[in-house]
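J.: So that we are looking at the same thing, I have put the structure below in structure tokens.
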Amino acid sequence: MSDIPEEENTLTPEQQDAHNAALEHAWAWFSLHATQRLQAVNFFLVATAFLMAAFVTAAKEQIFSLSAAVGVLAICISIYFYRMERRVQSLIHASENAIGPLQELLAKQVQIDSIRIVSHVENPRPGEWKYSKVFRHLYFSTGCAFGLGLMYSAWAAYKAPSIASAANLAPFKFVIHGILGVFLLFIGYEMIIGVPQKNELNSRRNCIKHWSLLLLGIVSATSGIGVILHLIFKVL
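Numbered by this note's numbering, the letters in the sequence shown go through residues 701 to 936 in order.
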């Protein structure tokens with residue numbers, strides 16, 4: 701038996717058509733971004749497999765500069781996919797916020813409580829994880845694993861001179877400096893785009909945050925550009 705009290709359907713035919721169109725539109729939005737989310741995870745797993753094979757091969761051949769570069773690339777990919785996951789997650793939540801009230805109205809019309817699908821699955825049961833938690837752990841653990849691989853490459857390159865010859869250390873140092881430059885440039889860019897807009901400067905705290913992020917972002921980005929230009933002119 702349904703827990704919903706019987707209520708007369710007061711929707712006019714025009715309102716019913718609008719309700720159906722809204723539900724169809726929200727579901728299409730949800731389906732699109734949910735599919736993109738799973739496709740992104742598939743691409744990430746494939747990329748991780750190739751990067752892991754490249755890292756193991758480079759480390760086995762004692763080309764530690766290459767294995768370090770692969771490690772950094774894998775870490776960056778993990779971060780980028782995680783940022784993309786957060787964006788897709790917000791898009792999916794937007795559709796769920798629209799579907800929920802529509803399902804609520806539909807459940808009252810058909811007198812079936814289980815039609816409230818969004819509200820019923822909002823809180824997972826004990827032992828169940830949400831997709832967002834699974835993907836967050838996936839990206840985090842992959843990034844940490846390649847971070848350990850990067851530290852191993854650095855340790856092996858500097859610890860064993862017989863293995864890490866001068867010819868091997870030179871490209872390794874070049875890669876490390878390049879990584880540092882890109883990292884500083886990226887951090888500076890993130891700080892600059894995170895600066896509160898002028899219309900948000902309605903408090904002293906926001907003003908301090910505005911100028912602090914802007915200054916630190918400019919310094920970090922300038923330092924990163926300087927490191928990259930130094931490497932370019934050094935090669936030339």
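Even for Gly, the Cβ is constructed at its ideal location relative to N, Cα and C.
If you measure from the beta carbon of C907 to each beta carbon in chain D, is any gap under 8 Å?
T.: The chain labelled as chain D is not found in the depicted structure, where only one protein chain is given.
J.: Could you check the C-alpha separation between S920 and V895 for me, to the nearest Å?
T.: 14 Å
J.: Assign N823 to one of three DSSP states: helix, strand, or coil.
T.: coil
J.: Can you grab the Cα-Cα spacing for the pair L885 / S923, in whole Å?
T.: 7 Å
J.: May I ask which residues mark the beginning and end of the alpha helix (DSSP H) holding D717?
T.: 713 to 760
J.: What's the call for G827, buried or exposed, on a 16-neighbour Cβ count within 10 Å?
T.: exposed
J.: Could you give the DSSP three-state label for E828: helix, strand or coil?
T.: Three-state DSSP puts E828 in coil, outside helix and strand.
J.: Determine the direct distance from the alpha carbon of E822 to that of G878, and round the result to whole angstroms.
T.: 45 Å
J.: Starting from the Cα of L773, find the closest Cα among R904, H725, M752 and give me that residue.
T.: M752
J.: From this set, F874, Y889, H910, I892, which residue's C-alpha is nearest I928's C-alpha?
T.: Out of F874, Y889, H910, I892, the CA that lies nearest to the CA of I928 is found in F874.
J.: Where A718 and L914 are concerned, what is the direct C-alpha to C-alpha distance, given to the nearest angstrom?
T.: Linking A718 to L914 through their CA atoms gives a straight-line distance of about 47 Å.
J.: What does the alpha-carbon distance come out to for the pair Q716 and L732?
T.: 24 Å
J.: Check whether the Cβ atoms of V788 and R737 lie closer than 8 Å to each other.
T.: yes
J.: When you compare the CB positions of S767 and S853, do they come within less than 8 Å of one another, or not?
T.: yes
J.: To the nearest angstrom, report how far apart H820 and F755 are at their CA atoms.
T.: 44 Å
J.: For R783, which of helix, strand or coil comes out of DSSP?
T.: helix
J.: Applying the criterion that 16 or more other CB atoms from any shown protein chain within 10 Å of the CB defines a buried residue, is L848 buried or exposed?
T.: exposed
J.: Using alpha carbons as the reference points, say which of N742, L723, E714, E724 lies closest to L838.
T.: N742
J.: Going by C-alpha to C-alpha distance, which of L723, W911, A857 sits closest to I815?
T.: L723
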